[in-house]
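S.K.:
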Amino acid sequence: MHGRAYLLLQRDFYDLKENNYKGITARPVSEDMMEWEVEIEGLQNSVWQGLVFQLTIHFTSEYNYAPPVVKFVTIPFHPNVDPHTGQPCIDFLDNPKKWNTNYTLSSILLALQVMLSNPVLENPVNLEAARILTKDESLYRTILKLFNRPLQMKDDSQELPKDPHKCIGPTKTTSFSDYYQAWSRIATSKATEYYRTALLKDPNFIGQYYKWKKMDLQHHKEWNLKYSVIKCWLARKNRMPDEVRHSMEGIKLCPTQIPTTDEIFLESPTAINSVTNIYETEEEGWKSDTSLYENNTDEPWEEEVEDLISWINTLNTNTLED
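So in this note's numbering, the last spot in the sequence shown is 372, and the numbers never skip.
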C-alpha cells in the first residue's frame, strides 16, 4: 500500500497534466514517485527566452510537510543559483519554516520558472553572474548561450513511464565555473614539447649538418656520384621480383642498407684506389651483391642493348668508310 506522499504526488502530477503549463515538463522516474526529472524553459521577453534547463527533484516520505530538494543538472550562470550545489535560491525551498503545505508540484515549478526569467539581484548566491548581468547584459546573454541548448520537446504528453521499475541513475551536476575552466583549457591547449622543439635548436642535428656540409665541399663530385649510385641501386631493387629479392637477402655478404654519411665518400667509386686497404671487405661485399643482383634481374631489353654495344665496338671504321 502506498503512503501519503505517493498519493499527493499522484494528485500533483494529474493537476500538472490538466493545466499543461507552457515551457514546463515533469515526469517521475522512480516507482515510488520520489524522484522526478524536470525541464523548464525561460519565459518570453527575458534573457532566458528559448533556453531550457534540466532539473531533478527529490521528494521524501515527509512530503508535503517538508519541501523537496531541487537541483539543476547543468548549473546555469544565474545570480540565484548556487554555482557549487546547483540549488536554486527560493526561500520556501531553502527554509523549511517558510514551507507551506498548500504548495504543490505545480507551484514549485512555476516559482522556478519565474526565478530563472526574473533574477533577484539582492543578496545573490552567484556574485559574478549578478555583476555581469548588471554591467553588461549582452555579455551575459553570450555566456548563457555557451552552455544552454534550445528547448526540444519529444512530445507534449506528460504520462507515467511505461516501465516504472527502470530508474535513471544519479546525475552529476556541473557548475558553470568548472565548465568554463575546462572549456578554456581545451580551447587554449598548447602543443606538446615534442612539436615545440625547433629542429635547428637540436645540437645533434646541427653537428650532423655541418659534417654533411664539410663532406660536400671537400668531395663534391664524389658526393654527387655516390648519391646517384644509391638512387640507381634503390630503383633497381624496387623493380626486382619478390622471389629474387628474398633470395638475395638470404645469401648477401653484407647488409643492403643505405650508407651513412661517413661512408659516402669512402665507398664512392672514384675514391676506391685511396681506401682499398681499409674498406676492401666492404667493397667486395658491394660488388658481390651487385653481380648477384645483375644476374637475377637483367631484363631482356637490357641484354639486347649490351649485345648491340658489343657489336658496335667490333666494327672497323676503315671498312665502314670504304
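Idealized CB from N, CA, C, for every residue including glycine.
What are the partner residues of G92, as DSSP defines its beta bridges?
M.R.: Answer is Q99.
S.K.: Helix, strand or coil: which one does DSSP assign to Q419?
M.R.: What the structure shows of the chain is the stretch from 51 to 372, and residue 419 is not part of that stretch, so it cannot be assessed.
S.K.: Check whether the Cβ atoms of F103 and L171 sit closer than 8 Å, and answer yes or no.
M.R.: Their beta carbons are not under 8 Å apart, which means F103 does not touch L171 by this criterion.
S.K.: Look at the Cβ atom of L58, then the Cβ atom of N114, and state whether they are nearer than 8 Å.
M.R.: A contact, by the Cβ cut-off of 8 Å.
S.K.: From this set, D186, S156, T184, which residue's C-alpha is nearest L66's C-alpha?
M.R.: The shortest Cα separation from L66 among D186, S156, T184 belongs to S156.
S.K.: By the 10 Å Cβ neighbour count, where 16 or more other Cβ atoms means buried, how is L196 classified, buried or exposed?
M.R.: That one is exposed.
S.K.: Which residues bound the alpha helix (DSSP H) around A76?
M.R.: First-last for A76: 74-78, but that is the beta strand (DSSP E), not the alpha helix (DSSP H).
S.K.: Have a look at K261 and I359 and give me their C-alpha separation to the nearest angstrom.
M.R.: C-alpha separation (whole angstroms): 42 Å.
S.K.: Quick one: Cα of W361 to Cα of E353, how far?
M.R.: Spanning the two alpha carbons is a distance of roughly 12 Å.
S.K.: Taking just the CA atoms, how far does E187 sit from Y56?
M.R.: The alpha-carbon atoms of Y56 and E187 are separated by roughly 43 Å.
S.K.: Terminal residues of the continuous beta strand (DSSP E) containing V131?
M.R.: Element bounds for V131: n/a, residue is neither H nor E.
S.K.: Using the three-state DSSP reduction, which class does E243 fall into: helix, strand or coil?
M.R.: With a pLDDT of only 49 at E243, under 50, the local geometry of the prediction cannot be trusted, and no value is derived from it.
S.K.: Excluding the 5 residues flanking Q99 on each side, which residues of the same chain have their C-beta closer than 6 Å to its C-beta?
M.R.: Cβ neighbours of Q99 beyond the five flanking positions: G92.
S.K.: Mind checking whether P138 and L160 have CB atoms under 8 Å apart?
M.R.: Not in contact: P138 and L160 (Cβ atoms no closer than 8 Å).
S.K.: State buried or exposed for E243, treating a residue as buried only when at least 16 other CB atoms are found within 10 Å of its CB.
M.R.: With a pLDDT of 49 at E243, under the threshold of 50, the modelled position of this residue cannot be trusted, and the question is left open.
S.K.: For A180, which residues of its own chain have a beta-carbon under 7 Å away from its beta-carbon, when the five flanking residues on both sides are left out?
M.R.: Closer than 7 Å at Cβ, skipping near neighbours: P129, L171, P174.
S.K.: Under the rule that 16 or more other beta-carbon atoms within 10 Å means buried, what is D357, buried or exposed?
M.R.: Label assigned to D357: exposed.
S.K.: From the DSSP secondary-structure annotation, give me the bridge partner or partners of E87.
M.R.: DSSP output for E87 lists R77, T106 as bridge partner(s).
S.K.: I want to see whether chain C comes within less than 8 Å of Y190, judged by CB atoms only; does it?
M.R.: Protein chain content of the structure displayed is limited to a single chain, and chain C is not contained in it.
S.K.: Got a sec, what are the start and stop residues for the alpha helix (DSSP H) V164 sits in?
M.R.: V164 -> alpha helix (DSSP H) spans 155-167.
S.K.: Name the DSSP bridge partner or partners of F122?
M.R.: Beta-bridge pairing links F122 to L105.
S.K.: Select from L143, P169, R54 the residue whose C-alpha is nearest the C-alpha of S111.
M.R.: Among L143, P169, R54, the Cα nearest to that of S111 is on R54.
S.K.: Closest to K148 by C-alpha separation, out of F109, E89, N69, P118, would be which residue?
M.R.: Nearest of F109, E89, N69, P118 to K148, Cα basis: P118.
S.K.: Where does T151 sit, in a helix, a strand or coil, going by DSSP?
M.R.: DSSP places T151 in coil when its eight states are reduced to three.
S.K.: Is DSSP giving I301 helix, strand or coil here?
M.R.: The pLDDT assigned to I301 is 43, lower than 50, so where the model puts this residue is not dependable, and the model offers no usable value.
S.K.: Relative to the alpha-carbon of T135, which residue among F122, L143, D144 has its alpha-carbon at the smallest distance?
M.R.: Nearest C-alpha to T135: F122.
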